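Here the protein sequences come in this chain order: A and B. For the first sequence, this note's numbering begins at 7 and goes up steadily by one. For the second sequence, this note's numbering begins at 7 and goes up steadily by one. Beta carbons are placed, not taken as given, at the ideal position from N, Cα and C, and that holds for glycine. Only a predicted model underlies this, so the values are computations on that prediction, with no experimental measurement involved. Let me begin by presenting the structure, written as structure tokens, before commenting on it.
Protein chains: 2
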Amino acid sequence: MNPKAAIIVIGDEILSGLTPDLNSGWLAKQLFDLGVFANIIITIPDNREVIIDWVVKLSKEYDFVFTTGGIGPTHDDVTRESMAKAFNHRFVLHPEAEKYLRDFYKDRITESRLSMAYLPEGVKLIRNPISAAPGFIIENVFVFPGIPELLKLMFSQIIENFNYSQFHIRLIKTNLPESVYAKELFLTAEKYPSVIIGSYPKIYDTTCKTEIVLKSKRESDLQDAFEHVESLVQKLQTETTQ
Amino acid sequence: MNPKAAIIVIGDEILSGLTPDLNSGWLAKQLFDLGVFANIIITIPDNREVIIDWVVKLSKEYDFVFTTGGIGPTHDDVTRESMAKAFNHRFVLHPEAEKYLRDFYKDRITESRLSMAYLPEGVKLIRNPISAAPGFIIENVFVFPGIPELLKLMFSQIIENFNYSQFHIRLIKTNLPESVYAKELFLTAEKYPSVIIGSYPKIYDTTCKTEIVLKSKRESDLQDAFEHVESLVQKLQTETTQ
């Protein structure tokens, strides 16, 4: 069984549509490629109680939880503190994070910058090579900053924790509308239960109206289903152009 | 009180990172501008039980729910059926939707295309001027397709349902790092409780390191807080460049 994950995006600015969420889709793709399936992505406000409730709930229900956002130095950055409460850790000046920030900022260290070293006691850090505010791992929860460039740099440090067999994928692009092949595709999905088949319409692109995505852990089943759908699509295309 | 909303994005392709979610951020922004606050955005798979659970839960907890995805003609489009189950409506060939699809497709109507007219009994339709698959309104839930272009066209048909007083917003861009003003900004937020103040770092853009966003329904409070923060930022910028 591949592990299942939840992604929690934390930030008022996403919920008001002011800032696009560039993180969750990227993270979902990375996890998928590692064989970890994001089964839920949830965006919530910078609110302690809300964060605590969701982290407690999802960390129980899923193998892993990944959060982004809210670990900076301003008053609306409440993720660090909320994680401590969620798992009943003390909220303390984390010695390793403190050293890290002091080494990074040297004589430019301030109370505000140091606030980023207040973390749940005993957590393992995820290093931040750019602005020094560390992410961390608490229980099965991986806590990242909300800045997409930082997330990308920092995620690479933890991928060795995830080494699960990967899904194989096949993609078929066609200019047929979905309704033409819907029934046959349904029958194909029934015929190959180990293959997950999805159909995704694109708006009137002249070269590609729909994409059919097939995925499976069984390469041979996938290849059979792929060939089946491909010949179906070719047949239908020939028919519709005649 | 402004109404609160939940956005539910339905689609395996989003959770696997194959397709970017272009809908929820756009929708959140439209709602915000109408005075409706998205308090949660959740992405879930094309799975009947999961859809039903979340729709039932969130439609009770929020004033409005908006869903995107899963109303096309293929086997993985299970949103229409799930909405019927969630609200104990019968799942029927909706006469108005049927007429609409037949008029649209004329002699090109097929069983698959007609499947998009199977809807919870009695729901109000949201017209789809491009591919005819209608959205619909059931209780306090607004059901849209997942194709971003369609969502945009169809959302405009329902905005007259939402007419709430709008938030005023002020934005301050600065090249100061957050940690320099974090403490003062916290004090400002305490001083102006009717103003929501957020601080959002951008990665090392040379002209703008952070954005400070102030929002309030009270224009005068907002202006006071804005002037306060602006003079603070100017003072700090002068200090740091000396």
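- Setting aside the 5 residues that flank it on each side, B/Asn134 is surrounded in the same chain by Pro140, Gly141, Pro151, Leu156, Leu159 and Met160, each with a C-beta closer than 8 Å to its C-beta; the list follows chain order.
- Straight-line spacing of the CA atoms in B/Glu245 and A/Val62 works out to 43 Å.
- Here the stretch 160–176 of chain B does not lie against the stretch 77–95 of chain B, with fewer than 3 beta-carbon pairs under 8 Å apart.
- Taking 8 Å as the cut-off, the Cβ atoms of A/Tyr198 and A/Asp227 count as close.
- Under DSSP, B/Leu220 shares a beta bridge with B/Arg176 and B/Ile203.
- For B/Val239, there are no C-beta contacts with chain A under 7 Å, since the nearest C-beta of that chain is about 13 Å from it.
- Closer than 8 Å at the C-beta level to chain A, one finds these residues of the stretch 193–226 of chain B: Ala195, Ile202, Ile203, Gly204, Ser205, Tyr206, Pro207, Lys208, Ile209, Tyr210, Val219 and Lys221.
- Listed along chain B is no residue with a C-beta nearer than 8 Å to that of A/Ser65; the closest approach is about 17 Å.
- Under the Cβ criterion of 8 Å, B/His81 is counted among the residues facing chain A.
- When rounded, the separation of the alpha-carbon atoms in B/Glu127 and B/Ala92 is 12 Å.
- Note that the C-beta distance between A/Ile57 and A/Ile16 is below 8 Å.
- Sixteen is the threshold: since fewer than 16 other Cβ atoms of the shown chains lie within 10 Å of the Cβ of B/Met7, the residue is exposed.
- DSSP lists B/Ala11 as the beta-bridge partner residues of B/Phe70.
- For B/Leu37, the enclosing alpha helix (DSSP H) stretches over residues Ser30 to Asp39.
- Closer than 8 Å to the CB of A/Ser88 there is not a single CB belonging to chain B.
- Contact annotation for A/Pro26 against chain B: Gly31 [CB-CB distance below 7 Å, chain order].
- In chain B, no part has a C-beta under 9 Å from the C-beta of A/Ala12; the shortest such distance is about 10 Å.
- A Cβ-Cβ separation of about 51 Å leaves B/Ser121 out of contact with A/Thr80 under the 8 Å criterion.
- Close CB contacts of B/Glu236 within its chain, under the 8 Å cut and outside five residues either way in sequence, are with Ile178 (chain order).
- Shown in chain order are the members of the stretch 164–176 of chain A whose Cβ falls below 9 Å from a Cβ of chain B: Phe173 and Ile175.
- Think of a sphere of 7 Å around the beta carbon of A/Arg119: the chain B residues whose beta carbon falls inside it are Ser185, in chain order.
- By the neighbour-count criterion, in which a residue is buried when 16 or more other Cβ atoms sit within 10 angstroms of its Cβ, A/Asp113 is exposed.
- When 7 Å is used as the limit between beta carbons, A/Asn181 is near no residue of chain B, the shortest such separation being about 14 Å.
- A distance of 8 Å or more separates the beta carbons of A/Tyr170 and A/Gly31.
- Under DSSP, A/Ala44 forms a beta bridge with A/Ala11.
- Here A/Ile50 is actually not in contact with B/Leu21; their C-beta atoms are around 17 Å apart, not less than 8 Å.
- Distance from the CA atom of B/Asp18 to the CA atom of B/Glu190, rounded to whole angstroms, is 44 Å.
- B/Ala34 belongs to the set of residues whose beta carbon lies under 8 Å from a beta carbon in chain A.
- If you draw a straight line from the Cα of B/Thr194 to the Cα of B/Ala231, it comes to about 7 Å.
- Against chain B, the CB of A/Leu125 has no partner CB under 8 Å away; the residue lies outside that interface.
- With a cutoff of 8 Å on beta-carbon distance, A/Asn45 and A/Tyr68 are scored as near each other.
- Using a Cβ-Cβ cut-off of 8 Å, B/Asn94 is close to nothing in chain A; its nearest Cβ partner there is about 25 Å away.
- Within chain B, Gly204 have C-beta atoms less than 7 Å from the C-beta of A/Asp18, given in sequence order.
- Under the 8 Å criterion on CB atoms, A/Phe150 is classed as non-interfacial with respect to chain B.
- With respect to the 8 Å criterion, B/Leu24 and A/Val219 are classified as neighbours on the basis of their beta carbons.
- With 16 or more other CB atoms across the displayed protein chains lying within 10 angstroms of its CB, A/Asn29 is buried.
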